[in-house]
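Structure first, then comments.
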Amino acid sequence: MDNVISFLETENQAQKEVSYYYGINQSIAALSAIRIGGIADLIISPTSEAALVRLLQFISKLRVRYRIVGNFSNLLFSDKGFRGALIRTELLASLSGDGTTVLASAGVSLSRLCKYARAHSITGFEELFGIPGSVGGAVYMNAGAFETKVSDLLESACILDTNTFSKRTLTPRELSFATRDSLLQHRSDLILLSAKFVGKEGRSDLIEQKMRDVILRRRKTQPLELPSLGSIFRRPVGSYAGRLIEEAGLKGARVGGAAISQKHAGFIVNLENATAADVLELIRLTRVRVKEVFGIDLVCEIEYISEA
Ligand SMILES: Cc1cc2nc3c(=O)[nH]c(=O)nc-3n(C[C@H](O)[C@H](O)[C@H](O)COP(=O)(O)OP(=O)(O)OC[C@H]3O[C@@H](n4cnc5c(N)ncnc54)[C@H](O)[C@@H]3O)c2cc1C
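Under the numbering used here, read the sequence shown as residues 107 to 414, first letter to last.
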């Protein structure tokens, strides 16, 4: 990691437009939505798109292991941490619009995007309000809630191809969106830099009302008072993972500090000092039980990131 750290120091001294915040031996748990994860060798937040591209060029040349991270809301990190560099997009936060079009950098939170749309009387985004992800993570996952998913609103995405370090604009068709799936999940060499969304002209009072309803529905049905990663499993065809888990009698089931939520059986919550090992074991037990009772294989929606 020493050469990456010297690179960051040199860049920070040399150029004002290209700079980085970074931390050595940082706790992942402190950042993760489920408050789990060991120590990462290095966590870097580039302050601009240009800084991200320069960092990726440097890191790729050295073949340093890295992972792009948005808001840590769909990732379960190992208790042993992460050997390599986690590159956060949090400071890539520019947001602008033209008519009903909104252009957002990778690190913009979905909630900020929704509030921007509300402020400009653009409708269509309301049901995404409250999903705790960034634009990059949301396009990667084709995140969605109720009747809306990211792919319904996306017009195009600006992608960095880390093989050639060229930028490309991809259409929704080229991004191969499917349920909680996109091309980005199958091409770790592609990094989303920004995305262009389009909604429809709306009335801000109605948009406001809908966003409020969405948040109330979330609070009523989801254990938002406890750390979690949202739904652990993908929705199986013709059913809901939460319903199957509940009907298999697993609500409240506990391994160490992790438990199947009493409020929403699709969520695993961190009750107290849960470890990644606890969560993984609970996932394993749940899959075995649901398979026994219903003959259905639950597939994880969250991603586990190993130490090395
Ligand atoms: C309480 C709670 C409720 C939730 N509710 C919902 C919901 O209603 N609907 C839903 O769909 N999800 C939900 N989620 C899950 C999660 O918020 C989404 O999957 C979200 O899209 C993840 O975004 P993120 O920025 O946190 O991504 P991260 O968890 O940081 O990363 C997820 C993946 O995206 C990749 N990635 C991130 N940024 C980029 C980029 N710029 N370029 C390329 N790859 C990138 C990462 O490498 C990683 O593989 C919920 C989670 C929680 C904790």
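Idealized CB from N, CA, C, for every residue including glycine.
Buried or exposed: where does E378 fall if 16 or more other Cβ atoms within 10 Å of its Cβ makes it buried?
-> exposed
Express the C-alpha separation of D295 and L148 in angstroms, rounding to a whole number.
-> 20 angstroms
Neighbour-count burial assignment, Y172, 16 or more Cβ in a 10 Å radius = buried
What distance in whole Å lies between the Cβ atoms of S211 and S272, which are believed to be in contact at a cut-off of 8 angstroms?
-> At roughly 18 angstroms, the Cβ-Cβ gap does not stay under 8 angstroms, so S272 and S211 are not in contact.
With distances taken from CA atoms, which of F188, F183, G187, R194 is nearest T153?
-> R194
Could you give the uninterrupted runs of the alpha helix (DSSP H) lying entirely in the stretch 385-411, keeping only those of 4 residues or more?
-> none
Runs of beta strand (DSSP E) lying entirely within the stretch 107-148, each at least 3 residues, in chain order = 126-133
Contact check, T254 vs I228, beta carbons under 8 angstroms | no
Just confirm the distance between the C-beta atoms of P238 and L260, as a whole number of angstroms; I'd bet it's less than 8 angstroms.
-> Going by Cβ atoms, the distance from P238 to L260 rounds to 19 angstroms, so no, they are not a contact pair.
Beta-carbon separation (whole angstroms), Q315 vs Y246, contact threshold 8 angstroms = Wrong, their Cβ atoms sit about 30 angstroms apart, outside the cutoff.
Taking the CB atoms as reference points, tell me whether S179 and L335 lie closer together than 8 angstroms.
-> yes
Go through the stretch 241-303 residue by residue and report every complete run of the alpha helix (DSSP H) that reaches 4 residues or more, in order.
-> 241-247, 256-259
Within 7 angstroms: the Cβ of Q328 and any heavy atom of ligand 1?
-> yes
May I ask whether a heavy atom of ligand 1 can be found less than 7 angstroms away from the beta carbon of Y410?
-> no
A157, buried or exposed, once every other Cβ within 10 Å from all chains shown has been counted against 16 | buried
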